[in-house]
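Chain order of the listed sequences is B and C. Residue numbering for the first sequence follows my numbering, beginning at 1 and increasing consecutively. Residue numbering for the second sequence follows my numbering, beginning at 1001 and increasing consecutively.
Protein chains: 2
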Amino acid sequence: MNNSLDKGVEEKILVAAYSVFLQKGKAGTRMQEIADKAGVNKALLHYYFRSKNNLYNAVFKQVVEKFILSIVQNLNFSLGFKEILKEFIFQHIKTIKDNKQVFKFFFSEVWMNSEEVMEIFQKTLNIQNKPVYAVFYERIEKAVKEKEIRAIDPFQLFINILSLDIFFFVIAPMYFTIAELTPDEQEKAVRDREKEVFIFIWESIKFRKGK
Amino acid sequence: MNNSLDKGVEEKILVAAYSVFLQKGKAGTRMQEIADKAGVNKALLHYYFRSKNNLYNAVFKQVVEKFILSIVQNLNFSLGFKEILKEFIFQHIKTIKDNKQVFKFFFSEVWMNSEEVMEIFQKTLNIQNKPVYAVFYERIEKAVKEKEIRAIDPFQLFINILSLDIFFFVIAPMYFTIAELTPDEQEKAVRDREKEVFIFIWESIKFRKGK
DNA sequence: GTCTATAATTCGATAGAC
DNA sequence: GTCTATCGAATTATAGAC
């Protein structure tokens, strides 16, 4: 039987599937490759998950959770807005860097696929009937009201922040390749980008008396 | 024989392939579907392009060209920087809206695939041994020097603009679905976004005397 | 050049022994 | 629960007639 060192076959399969689906996409993934990576027989994949589609959905659910977690985790709303923003960007970019595959996968796969997948996304996004980004909006509105920042639509600011956080790191591997950067140069590019995002946003939104 | 109304079989195939690959991705595309859409026999696809991979590469090349064209077209460098920026964002977003599929495809497919694909990208990007974005950099540097805008690294500003232009429109279909927007609301969201991008950037970079 | 027919292979899925 | 063996469908690619 399973001893305590065994992870359980079902989870081993899920871990392997996660890795392969993220690398190859849904259509590009082969059940055999997942089985090999999990160290089990291909038939077991069907025993536990019945079909490739089911296995994919299980993986996709995890990806969505990671994506959403990357936004809502580590928010400390007791600080001033400037510090909240700085801290959020720092943490968010850190998460993106540690989960590049997740973000690539997320943007790659969502399109191709059905309402089935969109439904998983929608369900996961709405926790307790409240979208995860709602707290964000409220804090932004407060910051505007209390003149911590200039007047700006919370939704737009939210999208602006996500855009600037995510876009570069999604295209970074491509950029590194075509610009032929050395590993050292790549690290520098990442550090430069991390600094830039907060400055750029803050320069745009900080409240200025004169105006 | 072909009369002048015929587009030529090779091009008909390419047009069909473009449409199917953009919708389904490389792994998800079936040669039969391309043949059906082109109104020709499947065997002809292999006659003209020898393999699915070749056909894919031909399509990918076109996509890269559109992507790059979306950045370099419609640049009028005789204006002041504020007007150049406004005009660029306007035109760029227009192109993105008209070619949503291209951008989705571009971000979806580049990762999965080989150096083969990256090589096509690199070749297309460097025209006359000069990256297409070089003219951009020079104009930004000039704007900084002449105090049209605050000091900012041209590369970072370039990435910031692309991020804010592209990201929203790439995730928009997903956003529309999960937020359950009506077509009218969707149009409004797009118009709001178009306005926001320029304002946000300009507020961040415009030169301010006091400082 | 274009078509039909089919080869060759890959892949998801399942039956059935243990 | 796990494995071997294999089915059957799907898919790329090609041979060969016209």
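C-beta atoms are modelled at their ideal positions from N, C-alpha and C, and glycine is treated no differently.
query	result
What are the start and end residues of each continuous alpha helix (DSSP H) run of 4 or more residues lying completely inside the region 49-100 of chain B, in chain order?	52-72 and 81-98
Consider the Cβ of B/Ala16: report whether some Cβ of chain C lies at a distance smaller than 8 Å.	no
With a CB to CB cut of under 6 Å and the five nearest residues on each side skipped, what residues in its chain are close to C/Ala1151?	Val1144
For B/Phe88 and C/Phe1090, I'd like the C-alpha separation in whole angstroms.	30 Å
Kindly list, in the order they appear in chain B, the residues whose Cβ is closer than 8 Å to that of C/Gln1156.	Asp192, Arg193, Glu196 and Phe200
Could you tell me the alpha carbon to alpha carbon distance between C/Ser1114 and C/Val1059, rounded to whole angstroms?	15 Å
Would you mind working out which of B/Glu203, B/Gly39, B/Thr177 and B/Gln62 sits nearest B/Thr124, comparing C-alpha positions?	B/Gln62
What in chain B is Cβ-close to C/Gly1210, meaning under 8 Å?	Gly210
In the DSSP output, what is B/Ile120 paired with across the bridge?	B/Ile120 is not bridged to any residue.
Say whether chain B places a C-beta atom closer than 8 Å to the C-beta of C/Glu1203.	yes
Under 8 Å between the Cβ atoms of C/Val1110 and C/Val1117?	yes
Would C/Phe980 and C/Arg1191 qualify as a contact pair, given that the criterion is a beta-carbon distance under 8 Å?	Examination of residue 980 of chain C is not possible in this model, given that chain C is present from 1001 through 1211 alone.
Between C/Ile1084 and C/Asn1076, how many whole angstroms is the CB-CB distance? I'm expecting something under 8 Å.	7 Å
Can you tell which of C/Tyr1048, C/Leu1022, C/Gly1028 and C/Thr1182 has its C-alpha closest to the C-alpha of C/Lys950?	With chain C represented from 1001 up to 1211, any question about residue 950 of chain C goes unanswered, as that position is not in the structure.
Can you check whether the CB of C/Ala1027 is closer than 8 Å to the CB of B/Gly28?	yes
Using CA coordinates, which residue listed in C/Glu1180, C/Ile1120 and C/His1046 is at the minimum distance from C/Glu1010?	C/His1046
Along chain B, in chain order, which residues have C-beta atoms closer than 8 Å to that of C/Met1118?	Met174, Thr177 and Ile178
Where do the ends of the alpha helix (DSSP H) carrying C/Arg1193 lie?	Pro1183 to Ile1205
Relative to the C-alpha of C/Ala1017, which residue among C/Gly1008, C/Lys1024 and C/Ile1034 is closest?	C/Ile1034
Comparing alpha-carbon positions, which option in C/Ser1019, C/Leu1162, C/Gly1025 and C/Glu1141 lies nearest B/Ser108?	C/Gly1025
Contact between the region 1201-1208 of chain C and the region 197-210 of chain B: three or more CB pairs below 8 Å?	yes
Could you tell me the alpha carbon to alpha carbon distance between B/Val197 and C/Pro1173, rounded to whole angstroms?	25 Å
Which whole-angstrom value is the C-beta distance of B/Asp165 and B/Ile93, which I expect to be below 8 Å?	6 Å
Grab the span of the alpha helix (DSSP H) containing C/Val1009 for me, first residue to last.	Val1009 to Gly1028
State the Cα-Cα distance for the pair C/Met1001 and C/Gly1008, rounded to the nearest angstrom.	Note that C/Met1001 scores a pLDDT of 39, beneath 50, so its modelled location is shaky and nothing firm can be said.
Please tell me whether C/Val1170 and C/Lys1082 are closer than 8 Å, where the distance is taken between their beta carbons.	no
Taking any Cβ of chain B, which residues in the region 1085-1115 of chain C have a Cβ under 7 Å from it, in chain order?	Lys1104, Phe1107, Ser1108, Val1110, Trp1111 and Met1112
Relative to chain B, which residues along the region 1134-1153 of chain C have a C-beta separation below 9 Å, given in chain order?	Arg1150, Ile1152 and Asp1153
My guess is that C/Ile1140 and C/Pro1154 are in contact by the Cβ rule of under 8 Å, so how many angstroms apart are they, rounded?	4 Å
B/Ile120 and B/Asn57 - do their beta-carbons sit closer together than 8 Å?	yes
So which of B/Asn99, B/Tyr137, B/Gln186 and B/Glu65 has the shortest CA-CA distance to B/Gln23?	B/Asn99
Would the beta-carbon of C/Ser1163 fall within 8 Å of that of B/Ser163?	yes
So is B/Phe81 in contact with chain C if we call contact Cβ pairs under 8 Å?	no
Going along chain B in order, which residues have a C-beta closer than 7 Å to the C-beta of C/Gln1122?	Ile178
From B/Phe106 to C/Arg1208, what does the alpha carbon distance come to, in whole angstroms?	40 Å
Less than 8 Å between CB atoms is the rule here; does C/Asn1041 satisfy it with respect to chain B?	no
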